[in-house]
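Letter by letter, the sequence shown follows residues 128 to 235 in this note's numbering.
From the three backbone atoms N, C-alpha and C, an ideal C-beta is built for every residue, glycine too.
The structure appears below as structure tokens.
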Amino acid sequence: MVFDPTETDINEYQFTHEDWSATAYGNCEEDLSPNMPNPRGVGFTMWAFVDSDHAGDLLTRRSCTGYIIFLNSAPIYWFYKHQTSVDMSSFGYEFIAMKQCCDYIHGL
128 MVFDPTETDI NEYQFTHEDW SATAYGNCEE DLSPNMPNPR GVGFTMWAFV DSDHAGDLLT
188 RRSCTGYIIF LNSAPIYWFY KHQTSVDMSS FGYEFIAMKQ CCDYIHGL
């Protein structure tokens, strides 16, 4: 990223008092059909917690990865795995665990 020191200063007052309704998304409204059916059922809340720790197993010093999925405060699925190799950090395993969790939720 390059900073050009010759660029003119932006007036903060003018920026904060600008009429942004003239932008591409100004005054957006969603038009719903009048004969649209009412929603059925009861809403629900789903949470997912993902974690991966470095050298969590005290015996083998391998990383542990896991996630748990809650539906309306009740656990519906959990996954826990010791990694097959020893790694210097758990940064990559965090992303792998998140991908596995998201894939499972997407499959529900």
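Three-state secondary structure (DSSP) of residue i
i, result
"histidine 233", "helix"
"alanine 182", "coil"
"glutamate 156", "coil"
"methionine 215", "coil"
Exposed unless 16 or more other CB atoms sit within 10 angstroms - verdict on residue i
i, result
"tyrosine 220", "buried"
"methionine 128", "Any reading at methionine 128 must be qualified, since the residue scores a pLDDT of 43, below 50, and its modelled position is unreliable; no value is offered."
"isoleucine 196", "buried"
In DSSP terms, what residue i is bridged to
i, result
"cysteine 191", "Asp180 and His209"
"leucine 198", "Met173 and Ala201"
For residue i, the nearest candidate out of the options (CA to CA)
i, options, result
"alanine 182", "Gln210, Ile232 and Ile223", "Gln210"
"phenylalanine 218", "Cys229, Ser190 and Cys228", "Ser190"
"serine 200", "Phe176, Asp184 and Pro164", "Phe176"
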